[in-house]
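Residue numbers (the working numbering), protein chains in the order written: chain A, 1 to 137; chain B, 138 to 267.
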Amino acid sequence: MAEPEFGASGIEERRPLSPHLQIYRPMLTMTMSIAHRITGAALYFGTVLLAWFLIAVSAGGGTYDAAAYCLNSIAGKLILFGFTWALFHHLLGGIRHAIWDAGHGLEYPQREWLARATLFGAIVLTVTVWTIAYLGY
Amino acid sequence: MARRPAPVRPAMRRMRFLGSANSGTADAWNMRITSVALVPLSIAFVAIVLSLLDKDYAAVRAELGHPLPAILMFLFILSGVFHMKLGMQSIIDDYVHAAQLRKWALIANLFFSVCVGLACTCAVLKLSVT
């Protein structure tokens, strides 16, 4: 709870601070805020997959076969599905933040509606894109 | 860079977390600009990936080497990498406080972003040139 600052002496390290996560009931908007950050971090690490795929395509042959096999496996498809959902969730969340930056939607019913729209919109978009992907085969 | 060259002593104070790095406004603005760019570019990226699904290897190469998808991929990768570097920097600034860990985490973030960005860009470049 008490986080020592850089260069803090002993007594400053143990000073009491107000509890925050320990007592706050999770609300939709605050959960969506941390979900925006978590999906962003997941996308950050997921770009390694994109780099691997593109390098495999440009390198050709065995590298591409290995990458295609891994990405087409059950685990690979699961990871790609999660990556797609994270992308859409973060995208819609970013649009929500842009709406807030413009000053709109900060009042009580609108911000809850925006949070729900982000949540359901991301799921709908993910399922739509994956349905299109499967129908194209 | 827009900042005037700084004398060494105040620069060392900034590096040792004793003062502002004066990059806040630029970072906030770049975050917003890359976000705006990434809205259409992410949609374009998903469309490109969907178009690759039913293609064999030669067709994938041809598709990614074709100018329009390649240019969209370049734009997506470059704005995306800049966006993710700034985002991860905010995460590190918020949660990592120990001095040495923070310094190396910020360096690792920069290196990771640059490496991933250049790897993707060079791969698409190779596909568009050959």
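Ideal Cβ positions, reconstructed from N, Cα and C, are used throughout, including at glycine.
Note down the Cα distance separating leucine 243(B) from aspartate 164(B), rounded to an integer number of angstroms. The alpha-carbon atoms of leucine 243(B) and aspartate 164(B) are separated by roughly 14 Å.
I'd like to know if methionine 1(A) contacts chain B, where contact means its C-beta is closer than 9 Å to some C-beta of that chain. Its pLDDT being 45, under 50, methionine 1(A) is placed unreliably in this model, and the coordinates cannot settle the point.
On the CB-based measure, 16 or more other CB atoms within 10 Å of its CB, does arginine 178(B) come out buried or exposed? The question names arginine, but residue 178(B) in the sequence shown is leucine. The Cβ neighbour count for leucine 178(B), taken over all protein chains shown within 10 Å, is at least 16; the residue is labelled buried.
How big is the Cα-Cα spacing for histidine 220(B) and serine 172(B)? One alpha carbon belongs to histidine 220(B), the other to serine 172(B), and they sit about 7 Å apart.
Applying a beta-carbon distance threshold of less than 7 Å, which residues of chain A neighbour lysine 263(B)? Neighbours of lysine 263(B) on chain A, chain order: Ser58.
Can you find the residues in the same chain that come closer than 7 Å, C-beta to C-beta, to asparagine 216(B), ignoring five residues on each side of it along the sequence? A small fix is needed here, since residue 216(B) is serine in this sequence, not asparagine. Closer than 7 Å at Cβ, skipping near neighbours: Thr171, Ala174, Leu175 and Leu178.
Let me know if methionine 225(B) comes out buried or exposed under the rule of 16 or more other beta-carbons within 10 Å of its beta-carbon. Buried.
Tell me the residue span of the alpha helix (DSSP H) that contains valine 176(B). Per DSSP, valine 176(B) belongs to the alpha helix (DSSP H) from 161–189.
Return no unless some Cβ of chain B is closer than 9 Å to the Cβ of threonine 47(A). At a cut-off of 9 Å between C-beta atoms, threonine 47(A) counts as an interface residue with respect to chain B.
Does the structure place the region 251–259 of chain B close enough to the region 42–54 of chain A that three or more beta carbon pairs sit under 8 Å? The region 251–259 of chain B and the region 42–54 of chain A touch, with three or more beta-carbon pairs separated by less than 8 Å.
Counted within 10 angstroms of its Cβ, other Cβ atoms place glycine 93(A) as buried (16 or more) or exposed: Glycine 93(A) is buried by the Cβ-count criterion.
Alpha helix (DSSP H) containing proline 206(B): first to last residue? Element bounds for proline 206(B): 204–232.
Neighbourhood of glutamate 112(A) by C-beta, 8 Å cutoff - its chain only, sequence neighbours within 5 removed: Taken in chain order, the residues that qualify are Leu28 and Thr29.
Chain-order list of residues whose beta-carbon lies under 8 Å from that of tyrosine 134(A) (same chain, five-residue window excluded): Excluding sequence neighbours, tyrosine 134(A) sits near nothing in its chain.
Counting Cβ pairs closer than 8 Å, one from the region 88–106 of chain A and one from the region 48–62 of chain A, do we hit at least three? Counting C-beta pairs with one atom in each stretch, the region 88–106 of chain A and the region 48–62 of chain A have fewer than three that are closer than 8 Å, which means they do not touch.
If you count every other CB in all the chains shown that lies within 10 Å of the CB of asparagine 246(B), and 16 or more means buried, which is it? Buried: at least 16 other Cβ atoms inside 10 Å.
In the DSSP assignment, find the unbroken alpha helix (DSSP H) run with methionine 30(A) in it and report its ends. Segment 28–59, the alpha helix (DSSP H) holding methionine 30(A).
Just by C-beta distance, which residues in the region 224–240 of chain B are closer than 7 Å to chain A? Answer in chain order: Gly224, Met225, Ile228, His234 and Ala236.
Just checking: is the beta-carbon of tyrosine 69(A) within a distance shorter than 9 Å of some beta-carbon in chain B? With 9 Å as the cut-off, tyrosine 69(A) does not count as an interface residue toward chain B.
Identify, in the order they occur along the chain, each residue of the same chain with its Cβ nearer than 7 Å to the Cβ of alanine 115(A), setting aside the five sequence neighbours on each side. Taken in chain order, the residues that qualify are Leu28, Thr29 and Met32.
Collapsed DSSP secondary structure at leucine 106(A) in the structure displayed: Judged by DSSP in its simplified three-state form, leucine 106(A) adopts coil rather than helix or strand.
Can you tell me the Cα-Cα spacing of isoleucine 185(B) and tryptophan 166(B), whole angstroms? When rounded, the separation of the alpha-carbon atoms in isoleucine 185(B) and tryptophan 166(B) is 28 Å.
Phenylalanine 138(A) vs glycine 121(A) beta-carbon contact at 9 Å: The structure shown does not extend to residue 138(A), since chain A spans only 1 to 137, so no value can be given for it.
Quick one, which residues of the region 195–209 of chain B are near chain A if we go by CB-CB under 7 Å, in chain order? Answer set for the region 195–209 of chain B: Val197, Arg198 and Leu201.
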